[in-house]
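In my numbering, each residue's number is its place in the sequence shown (first place is 1) plus 1170. Ideal Cβ positions, reconstructed from N, Cα and C, are used throughout, including at glycine. Being a predicted model, the structure only gives us computed values, none of them experimental.
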Amino acid sequence: MDKYILENGKVHLGSGIWVDEEKWHQLQVTQGDSKYTKNLAVMIWGTDVLKNRSVTGVATKKKKDAVPKPPLSPHKLSIVRDCSKKHLDAVAAQEDLAMASTKKSNLPPMIDSRFTEKDLNDVFTFEFEKPKFGLLGKAKKKSATCKVEKEVNGEFKPCSFKTSEASAVKSFNLWRHVKRNHPENYAALVTKKDQEDEAKQKADATKRHSSGSLKTPGENIFCGASSKKKPKIEQTKLDSYSKSSKVTVTMNANTFREGLMEMVCLSSTPLTTFRLKNKGFQKIAGEMGRQLGISTGHDAVHHLVVSTAESGREELKKALEQKLCYLKMDAATRGNRNFLAINAQYYEEGKDKAVVKTLDIIDTEGRHNSLYVKSQVKAILEKFGISEMQVLSICVDNAANMTYAVKNFSEDDETISTSENRDVDRTEAILPDEGTKGIDEIELNIMDAAAQWVNDPSLILPTWLYEEDSKVQLMKSGIHTLQLAIWDGLNKEHAKKFLAKVRQVVVKLQTPSIRSVLLDLHGVTQSLDTVSCWGSTFAMIDRLLVFQSYCEQMAAAGTRELKLTKAEWDEVKNLRDLLAKPNQTTMNLQAVNVTPGVLMKEWRKLSKFLQGNGGQIAEGILSSMQKHEEKLFNNIHFLAGVYVDPRYRILLTSREIPKAKEGLLDIARRLEKQNLLLHLNLAKEVEENKTQQKESTIEFAVSESSHPSEIAGCSQTSISTLNLFERPTLRRLQPSRGNGDNSSINSSEDDDFEKELDKQERHQRVSAIHNCNEALFERNFWEDCAAMESIGRLKVKSVFEAIHSYPHRIQAACRIASSMPTTQASVERLFSTLKFILNDLRQPMKDDLIAAIIFYRMNYE
1171 MDKYILENGK
1181 VHLGSGIWVD
1191 EEKWHQLQVT
1201 QGDSKYTKNL
1211 AVMIWGTDVL
1221 KNRSVTGVAT
1231 KKKKDAVPKP
1241 PLSPHKLSIV
1251 RDCSKKHLDA
1261 VAAQEDLAMA
1271 STKKSNLPPM
1281 IDSRFTEKDL
1291 NDVFTFEFEK
1301 PKFGLLGKAK
1311 KKSATCKVEK
1321 EVNGEFKPCS
1331 FKTSEASAVK
1341 SFNLWRHVKR
1351 NHPENYAALV
1361 TKKDQEDEAK
1371 QKADATKRHS
1381 SGSLKTPGEN
1391 IFCGASSKKK
1401 PKIEQTKLDS
1411 YSKSSKVTVT
1421 MNANTFREGL
1431 MEMVCLSSTP
1441 LTTFRLKNKG
1451 FQKIAGEMGR
1461 QLGISTGHDA
1471 VHHLVVSTAE
1481 SGREELKKAL
1491 EQKLCYLKMD
1501 AATRGNRNFL
1511 AINAQYYEEG
1521 KDKAVVKTLD
1531 IIDTEGRHNS
1541 LYVKSQVKAI
1551 LEKFGISEMQ
1561 VLSICVDNAA
1571 NMTYAVKNFS
1581 EDDETISTSE
1591 NRDVDRTEAI
1601 LPDEGTKGID
1611 EIELNIMDAA
1621 AQWVNDPSLI
1631 LPTWLYEEDS
1641 KVQLMKSGIH
1651 TLQLAIWDGL
1661 NKEHAKKFLA
1671 KVRQVVVKLQ
1681 TPSIRSVLLD
1691 LHGVTQSLDT
1701 VSCWGSTFAM
1711 IDRLLVFQSY
1721 CEQMAAAGTR
1731 ELKLTKAEWD
1741 EVKNLRDLLA
1751 KPNQTTMNLQ
1761 AVNVTPGVLM
1771 KEWRKLSKFL
1781 QGNGGQIAEG
1791 ILSSMQKHEE
1801 KLFNNIHFLA
1811 GVYVDPRYRI
1821 LLTSREIPKA
1831 KEGLLDIARR
1841 LEKQNLLLHL
1851 NLAKEVEENK
1861 TQQKESTIEF
1871 AVSESSHPSE
1881 IAGCSQTSIS
1891 TLNLFERPTL
1901 RRLQPSRGNG
1911 DNSSINSSED
1921 DDFEKELDKQ
1931 ERHQRVSAIH
1941 NCNEALFERN
1951 FWEDCAAMES
1961 IGRLKVKSVF
1971 EAIHSYPHRI
1981 QAACRIASSM
1991 PTTQASVERL
2001 FSTLKFILND
2011 LRQPMKDDLI
2021 AAIIFYRMNY
2031 E
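Encoded structure:
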């Protein structure tokens, strides 16, 4: 049947599609191609056809960062295109007719290139944004409004065309509007440009006549042939782009090595690429590598990756030296291989945030029991020189092997034996109270302490600092615990029966014949939930509601597997609305830096939402959350992280606040202990050097952070005034062996003065140790806690910003408490990265290469 025939008040559009004549005529007056195609689709299939969809699937340019919607089905899209073709041809014919009436010669179908920004300002009014950099910045066009008046019902009215930010900066879009909607004005502008060109040509000809530079055709051949414009030569050869057959590359050896590392570690290039039989790569980079002295063979690149990662581990080892940190670990299976991954998280000075570094990934070869996990973690800590006292907590999921490994992490017979055999009386004798002994006795004591420190450090530590403070705390992942609570709520009897019926409908929608229909109608298919996938039940129900109309139609046609009553469909919607909040909470907790305060806020906010819902499923999830909350929030370091966050400290209960202060006090004690050990190490080296060189002149270059004036008052002012994470450098200068004046300076006055300096130094070191008494330390701590609580809630973006307003003595402990990991999302991302590394071409990769690639990739900045 022919298209566009009229019969009984209907217009035939082809393919058996008829529309009302009145609607068809209304469609023809629609301006704009985009509006025309949208109205055409709605006229044929109704308003629901573009619900959550678009005609072509291209994102709109009116909104910044707009997400593209699914396009129409291929069959519907072909109908829209066929019907739109006639409209576009008619518009083009109308434009050509209008242009022909004002100008004899036909213009090309593109915008005249002679138009300038001044011409554009004559037609449009622009609105500009305020420059970002004051008067020196460049203003950005925000919108454009057409000035041209248009005749409507015999009256001239301003054009209603107005663009968004995206179209305002594109002059082509603006001129296209003028050409399509105001052809007379466009033709007038073209005519004006032609007249200006003719006038300019006449003026140039007159100027050449006056200067006598006009040449005849014969003169032009012999005198001016080279100045004529050469014909355009079409590019046919690839090498014609280069100016010469050889190129010079400005690259050094380090850049070349970085390129090889990024190819293997970041771009997942298999090592087979670097084999000598790969002639293509060797032709491109082989000569460059030979000129730089770098081999590009398989084994050489393998060694480069492993050695680079090893040097990175050494740098990370130095960065973690004397730092209090947290660990995150998890186990997973990738490519039929079992892996254990460990990350370290700590506060880094300067960045004012917590940083995450991948320590290692191990192929466990199927061994996942708690004893094996514990032994591997201790081996990695030893590899990086991290003591157990530096590890505050370890964040794991709720797996039994992981939780038992952390709970038994600090249980060691040798450690317990050493702790029980401490000589408390001897410690108290070495570190006397102020005023009870004279300076001479103190000098003898510090000399004894330095000598004893060489043999056993525990003999000279104060009792309150040597208490068992190295026990590692268990922290369960907040996201994983939340998923268990949601799954417990969905496993209640009522929810289980209802979800079983819903899954029957979902399984039917996954059959190949129905999947193809759904894909054609909606561009997406149905998914089934799985236990191991977070939020999969919400995704399943949310997608099912997209296919509700199809299921109702098929159920009415006799497909019983797709039948749900109206009440059941309402319950599906209610369940979707209920699970949307926990799903959003899960997404929020997967952010990079989720501090303890943020986790507490998200958890309590979700609990309040579930309390207000009142449904059976909501009550089941809430009951499970309350059950898991006791173990999740039982970590004293986690509660300390919430306590130091002024935004969410109010969420702590009266039972949790004392535990929070206990955790913060534990962190402060460990910092003080490290500070004390730092000075004792220095005193030990001084004593050893004096024993070896009694008759030599020794000079000690101590770092600026451990100046004697600071050491003497370290505990009276602040434990964080010293740099606790950098050990003072000790440089020993050899005695001079020259002659003349250098050998003659050995008088008794000089020896006495040197002894006096040594005496003052020993006195200051004794004062530093002496001031570290428990009463003063705890008194300062409780004063700082009271000062923190008096500040109240602060509207800040992060807790680290608020810590700047706290007392200086406690800032270091607060930053470490806020750096505690609450989820193990970074380890999950590590295993996601492992999927790309262990692809089909890299399955047999060796363990050292996997660990090197992961280390470089995850720690790459």
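- For residue 1782, there is no enclosing beta strand (DSSP E); the enclosing alpha helix (DSSP H) covers residues 1766 to 1783.
- Annotated as proximal: residue 1749 and residue 1711, with beta-carbon spacing under 8 Å.
- Pairing residue 1969 with residue 1755 gives a Cβ-Cβ distance that is not under 8 Å.
- Residue nearest to residue 1359 within the set 1291, 1183, 1516 is 1291 (criterion: CA-CA distance).
- In the displayed model, residue 2016 falls within coil according to three-state DSSP, outside both helix and strand.
- Under the three-state reduction of DSSP, residue 1974 is assigned to coil, being neither helix nor strand.
- Residue 1316 has its alpha-carbon roughly 12 Å from the corresponding atom of residue 1346.
- Note on geometry: alpha-carbon atoms of residue 2023 and residue 1551 lie some 20 Å from one another.
- The C-alpha of residue 1795 is placed about 36 Å away from the C-alpha of residue 1519.
- Within the region 1468 to 1556, the complete beta strand (DSSP E) segments at least 3 residues long are 1495 to 1504, 1507 to 1518, 1523 to 1533, listed from N- to C-terminus.
- Restricting attention to alpha helix (DSSP H) runs no shorter than 4 residues, the region 1647 to 1681 encloses them at 1648 to 1660, 1663 to 1679, ordered along the chain.
- Contact between the region 1440 to 1458 and the region 1767 to 1774 is not established, with fewer than three Cβ pairs separated by less than 8 Å.
- Contact between residue 1560 and residue 1494 holds: their C-beta atoms lie close to 5 Å from each other, under 8 Å.
- In the three-state scheme derived from DSSP, where H, G and I count as helix and E and B as strand, residue 1931 is classed as helix.
- By the criterion of at least three beta-carbon pairs nearer than 8 Å, the region 1530 to 1540 is not in contact with the region 1977 to 1996.
- Under a 10 Å Cβ-count criterion, residue 1541 is classified as exposed, with fewer than 16 other Cβ atoms of the shown protein chains found around its own Cβ.
- The continuous stretches of beta strand (DSSP E) do not include residue 2005, which lies in the alpha helix (DSSP H) extending over residues 1995 to 2007.
- In the three-state reduction of the DSSP assignment, residue 1326 falls in the strand class.
- Checking the DSSP bridge columns, you'll see residue 1463 has no partner listed.
- Relative to residue 1837, the option among 1985, 2005, 1364 whose CA is nearest is 1985.
- Residue 1446 is a Cβ neighbour of residue 1467, given a cutoff of 8 Å.
- Boundaries of the beta strand (DSSP E) harbouring residue 1564: 1561 to 1566, taken from the DSSP string.
- In this structure, DSSP gives residue 1314 an extended state, which the three-state scheme calls strand.
- Around the beta-carbon of residue 1703, fewer than 16 other beta-carbon atoms lie within 10 Å, marking it exposed.
- Pairing residue 1955 with residue 1771 gives a Cβ-Cβ distance that is not under 8 Å.
- For residue 1220, the CB contacts under 7 Å within the same chain, skipping 5 residues up- and downstream, are 1208, 1211, 1212 in chain order.
- Looking only at 1204, 1249, 1245, the smallest Cα-Cα distance to residue 1229 is reached by 1204.
- The continuous beta strand (DSSP E) containing residue 1183 extends over residues 1180 to 1184.
- Within the region 1780 to 1817, the complete alpha helix (DSSP H) segments of 4 residues or longer fall at 1786 to 1802, 1806 to 1813, listed in chain order.
- The alpha-carbon separation between residue 1691 and residue 1664 amounts to approximately 33 Å.
- In the DSSP assignment, residue 1740 falls within the alpha helix (DSSP H) that extends over 1736 to 1758.
- Within a 10 Å sphere around the beta-carbon of residue 1835 sit 16 or more other beta-carbons, which makes this residue buried.
- Residue 1462 is not a Cβ neighbour of residue 1431, given a cutoff of 8 Å.
- Approximately 5 Å separates the beta-carbon atoms of residue 1646 and residue 1802; this is inside 8 Å, confirming the contact.
- Separation of residue 1469 and residue 1568 (C-alpha to C-alpha, rounded to the nearest whole angstrom) is 41 Å.
- Secondary structure note for residue 1190: its beta strand (DSSP E) is the uninterrupted segment 1187 to 1190.
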